[in-house]
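Below: one structure, written as structure tokens.
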Amino acid sequence: MIKCIASDMDGTLLNANQEISEVTIEAIKAAQEKGIDFLVATGRAYNEVRYVLDKAGLECPAICVNGGEIRDQKGNVSFSVGLDGSTSAKITKVFEEINMYFELYTQDGTYTTDREKGIQAIVDIYHTANPSQDVEEIRSSANERFEQRLIHVIDDYAPIFEKADCHVYKFLAFSMDEDLLIEVSERLKSIDGIEVTSSGRNNLEIMHYEAKKGNALKRYTEEQGISLADTMALGDNYNDMSMLKIAGHSVAMGNAEQEVKDVAKYVTAINDEDGVAQAILRALEGK
Numbered sequence: 001m002i003k004c005i006a007s008d009m010d011g012t013l014l015n016a017n018q019e020i021s022e023v024t025i026e027a028i029k030a031a032q033e034k035g036i037d038f039l040v041a042t043g044r045a046y047n048e049v050r051y052v053l054d055k056a057g058l059e060c061p062a063i064c065v066n067g068g069e070i071r072d073q074k075g076n077v078s079f080s081v082g083l084d085g086s087t088s089a090k091i092t093k094v095f096e097e098i099n100m101y102f103e104l105y106t107q108d109g110t111y112t113t114d115r116e117k118g119i120q121a122i123v124d125i126y127h128t129a130n131p132s133q134d135v136e137e138i139r140s141s142a143n144e145r146f147e148q149r150l151i152h153v154i155d156d157y158a159p160i161f162e163k164a165d166c167h168v169y170k171f172l173a174f175s176m177d178e179d180l181l182i183e184v185s186e187r188l189k190s191i192d193g194i195e196v197t198s199s200g201r202n203n204l205e206i207m208h209y210e211a212k213k214g215n216a217l218k219r220y221t222e223e224q225g226i227s228l229a230d231t232m233a234l235g236d237n238y239n240d241m242s243m244l245k246i247a248g249h250s251v252a253m254g255n256a257e258q259e260v261k262d263v264a265k266y267v268t269a270i271n272d273e274d275g276v277a278q279a280i281l282r283a284l285e286g287k
């Protein structure tokens, strides 16, 4: 019997409009009403998670920044692990030498040094993934991240790294050049204590080596007294694999990368066809 459901957000819980559909909202609420723990497990920072959940009228715990944080349904941090200033400075140097756009996720918020590059990176990636979606709508959505203060523009990262309590949860870098992403990934291997993964073909995510969705899900279920055998995990990309491998009921989205489908026990419909809702409802029916 499933007692806990952990779902990735982008490409999984969210549709092409970056929203949770009404069908999926109702399925989640139905699970919660039956006493099943539902939580999101995402690469996003908590403020971006909260923004989406509030729009959907949902309240639940969250594994954020790929396992760098665990938050309860009220937003209180119960666990966190991040990179120190010295390691963060080394990672920054690699990206700056390559001239690759990146964002920095910290305990104080998310930062970038170039707003226009940030907006264009989102436009390029989402338009490539969803060619039928209007470019101006994507640009408006990307711009909203800055207008809503979900990401802050600064001149220099150095003051952040020099703080005594520096706690960097994640670097998120974007490029349409897949060969360049591979090159950067190889260069980052020389830096100790980090984990390099991806939530899409056009990005890299760098965290503390202990920050994995699987580690965080294991910690969460242990604290709640729930067996992983009674846990469902849903995802679509490489950064979801650690939790799909340990969950008793692992579900890959129909739009997932093939390697992700290969480690999952089940495959549901794509995110734009309410694949998460379908999986949840089948679980509630005991199928």
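Every letter in the sequence shown is one number past the one before it in the numbering used here, and letter 116, counting from 1, is 116.
Yeah, the Cβ is synthetic: ideal placement off N, Cα and C, and Gly gets one too.
As the structure is a prediction and not an experimental result, all values here were calculated from the model.
Following the DSSP letters along the chain, one finds Asn47 inside the alpha helix (DSSP H) bounded by residues 46-56. In this model, Val94 and Phe102 are separated by some 11 Å (Cα to Cα). Taken through DSSP and simplified to helix, strand or coil, Glu210 comes out as coil. Inclusion of Ala89 and Phe161 in the CB contact set at 7 Å is warranted, their separation being smaller than that value.
For Thr106, the pairing in a beta bridge is given by DSSP as Gly109, Val168. In this structure the stretch 64-81 touches the stretch 39-55; the number of beta carbon pairs closer than 8 Å is three or more. A distance below 7 Å separates the beta carbons of Met232 and Ile2. In the structure shown, Asp240 adopts helical secondary structure according to DSSP, grouped into three states. Shortest Cα-Cα distance from Met241 to any of Gly200, Tyr51, Ala27, Cys60 involves Gly200. Non-local C-beta neighbours of Ile122 in its own chain, meaning closer than 6 Å and more than five positions away in sequence, comprise Ala142, ordered along the chain. Taking each of Asp236, Ala279, Asp8 in turn and checking the Cα distance to Pro61, the smallest one comes out for Asp8. Ser175 sits in coil when the DSSP states are folded into three classes, being neither helix nor strand.
The criterion of a C-beta distance shorter than 7 Å is satisfied by Asp274 and Val23. Contact check between the stretch 98-116 and the stretch 164-175: three or more CB pairs, one atom from each, fall below 8 Å, which counts as touching. Close CB contacts of Gly109 within its chain, under the 6 Å cut and outside five residues either way in sequence, are with His152 (chain order).
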